[in-house]
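Numbering (our numbering), first residue to last: 5 to 156.
Okay, so here's the structure we're looking at.
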């Protein structure tokens, strides 16, 4: 049987191990959600939170203002929009996925794909297929098409 670790010894190693354990847990949860969304024919969209910064961005005007975690209400100094910080962050991520967020040019509607909330349409099931659809669409414009590989 292993003995209990002594206080203060190998503190950095323990912290790194604990962090990696937490990362594995969240990664497995994300994989399970992605699998279930794709299983019903939806599109799994992962928002790049380091670039979008949803908790620091106004969902109405796109203005970013750095906030500390103790500030729980989002109040935009530019447009005056007031909302609970978590709800405002959720709105930012939703608008980013739809392509309606000011200052970010990514859109699912540009590639003619369905969202994960539409129950009947099954045009794309993974990010790999979305990328192929983008390349295929850009190839029809004359930007240089790549050969499409089968995903089945």
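Here a beta-carbon is modelled for each residue, glycine too, at the ideal position from N, C-alpha and C.
Keep in mind it's a predicted model, so treat the numbers as computed, not measured.
Discussion item. By alpha-carbon positions, which one of 61, 39 and 131 ends up nearest to residue 99?
Written reply: Nearest option by C-alpha distance: 61.
Item to complete: Give the single residue among 131, 132, 29 and 64 whose Cα lies nearest to the Cα of residue 84.
Response: Closest in alpha carbon position to residue 84, among 131, 132, 29 and 64, is 64.
Discussion item. Restricting to Cα atoms, I'd like to know which of 134, 139, 138 and 140 is closest to residue 49.
Written reply: Among 134, 139, 138 and 140, the Cα nearest to that of residue 49 belongs to 134.
Worksheet item: With respect to the beta strand (DSSP E) encompassing residue 86, which residues constitute its N-terminal and C-terminal limits?
Response: It spans 86-88 - the beta strand (DSSP E) in which residue 86 sits, taken as one unbroken run.
Worksheet item: How many Å lie between residue 139 and residue 76 at the Cα?
Response: In this structure, the alpha-carbon of residue 139 lies about 41 Å from that of residue 76.
Discussion item. For residue 46, count the other beta carbons within 10 Å of its own beta carbon; 16 or more makes it buried, fewer makes it exposed. Which is it?
Written reply: By the neighbour-count criterion, in which a residue is buried when 16 or more other Cβ atoms sit within 10 angstroms of its Cβ, residue 46 is buried.
Item to complete: Measure how close the beta-carbons of residue 58 and residue 97 come, nearest whole angstrom, since I'm counting them as under 8 Å.
Response: Residue 58 to residue 97, Cβ: 5 Å. Contact.
Practice prompt. Mind checking which residues open and close the beta strand (DSSP E) that includes residue 78?
Written response: For residue 78, the uninterrupted beta strand (DSSP E) segment begins and ends at 77-79.
Item to complete: With a threshold of 16 other CB atoms inside 10 Å of the CB of residue 36, please say whether the residue is buried or exposed.
Response: Exposed: under 16 other Cβ atoms inside 10 Å.
Discussion item. Determine whether the beta carbon atoms of residue 68 and residue 78 lie at a separation below 7 Å.
Written reply: In this structure, residue 78 does not lie closer than 7 Å to residue 68 by Cβ.
Worksheet item: DSSP three-state call for residue 72: helix, strand or coil?
Response: Note: residue 72 maps to coil in three-state DSSP.
Practice prompt. Please report how far the alpha carbon of residue 95 lies from the alpha carbon of residue 102, in whole angstroms.
Written response: When rounded, the distance between both Cα atoms is 10 Å.
Worksheet item: Nearest CA to the CA of residue 56: which residue from 92, 44, 30 and 28?
Response: With respect to the C-alpha of residue 56, the residue from 92, 44, 30 and 28 having the closest C-alpha is 92.
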